[in-house]
Structure formats: structure tokens, C-alpha cells
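The structure under discussion appears below in the form of C-alpha cells.
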Amino acid sequence: VANPPAARFDAISGYDVATGLFAISTGDAAPVFFNDLWVLVDYAGPNPQWRRIDAQSTRSFKPRYGCGGGLAMDGYIYISLGFDGATRFGDTFRFRLSNTSGGSWEEVSDTFQYGINEPHARCLVGNAVLPDTNYGKFVMFGGCA
Numbered sequence: 022v023a024n025p026p027a028a029r030f031d032a033i034s035g036y037d038v039a040t041g042l043f044a045i046s047t048g049d050a051a052p053v054f055f056n057d058l059w060v061l062v063d064y065a066g067p068n069p070q071w072r073r074i075d076a077q078s079t080r081s082f083k084p085r086y087g088c089g090g091g092l093a094m095d096g097y098i099y100i101s102l103g104f105d106g107a108t109r110f111g112d113t114f115r116f117r118l119s120n121t122s123g124g125s126w127e128e129v130s131d132t133f134q135y136g137i138n139e140p141h142a143r144c145l146v147g148n149a150v151l152p153d154t155n156y157g158k159f160v161m162f163g164g165c166a
């Protein structure tokens, strides 16, 4: 497939049913961490290719791995928490997968304070995106604080 993203592990990824796009973001290729967003375009067609869609974003987040998040039913990919080898992050960002030509990251939360009702800075969390958004976008469990 043409123009693939750099090889990595521990990335956030998912398939968006509305757009037919497979997306991948963040990850670790020690000693490099990522904060990019790639989509696989025309994967079942004659010319599948990878395309980075956040290169023109006016906002971003620090490169990281071990995040929570994924693709939600609202058309956004969410990136939450994570680690860069020195700092555990407590922020959350999202990016709408409405097209393959661009867009911008939005900061959903700056940082979570330590408490029982919200996740504080951590990495390597277990999580799942919820199909029913009555209770939020995704759930997280555990992780390293």
C-alpha cells in the first residue's frame, strides 16, 4: 500500500463505518513517539493508499503511546492520556474523520485532577469505545500512574 505511516506499536486505531476509513494515531517506535493521524483510503479499491490528514492542524498534542481512546460513533477519533518516556499525560484530544484532506485536533480536556470521578494522568490503560453514548464515549480501566 502506498505511503504507509511509520511502523509502530501501541497505537490507537479503528474503523469508521460512516466514512469507510481505517485510522491510526499515536504509538511507539522507540526512541520515537508519534502524534500523527493517518487514514487508509480506498482500501478495497484498485489504489489503496495511506494519507496523513492532520498535517495542517492548528493544534496538536505531545507525541505519546499507551493512550486510551479510539473511534467513537460521533465521527471523532479520541486520544486520551498516554506517556512519552518521561511524562504521563492527563489530557484528551479529538479529531473529526469527516474527510481525508484535513481538519484540526480539538482539546477536549486539559488535564484531569486526581479523583474518583475522572482518570488522572496515566498510560497503558485498557479501554473500549462505547456504541451507546448515553454514558460517555469510552471506558478505561487500570493503567500505570
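Residue numbers (our numbering): 22 to 166. Even for Gly, the Cβ is constructed at its ideal location relative to N, Cα and C.
| Query | Result |
| --- | --- |
| Length of the line joining the Cα atoms of residue 44 and residue 55 | 14 angstroms |
| Buried or exposed (CB count within 10 angstroms, at least 16 for buried), residue 46 | buried |
| Limits of the beta strand (DSSP E) - the one that residue 45 falls within | 42-46 |
| First and last residue of the uninterrupted beta strand (DSSP E) at residue 33 | 33-37 |
| Element boundaries [beta strand (DSSP E), containing residue 70] | 70-73 |
| Neighbourhood of residue 4 by C-beta distance below 6 angstroms, restricted to the same chain and skipping five residues each side | Lying outside 22 to 166, the shown extent of the chain, residue 4 is not represented and no answer is given. |
| Own chain partners of residue 163 with C-beta closer than 7 angstroms, once the 5 adjacent residues on each side are dropped | 146, 147 |
| Exposure of residue 160, with buried meaning 16 or more beta-carbon neighbours within 10 Å | exposed |
| Integer-rounded CB distance, given that residue 129 should sit under 8 angstroms from residue 91 | In fact, because the Cβ distance is near 14 angstroms, the residues do not count as touching under 8 angstroms. |
| 6 angstroms CB neighbourhood of residue 97 in its chain, flanking five on each side removed | 115, 117 |
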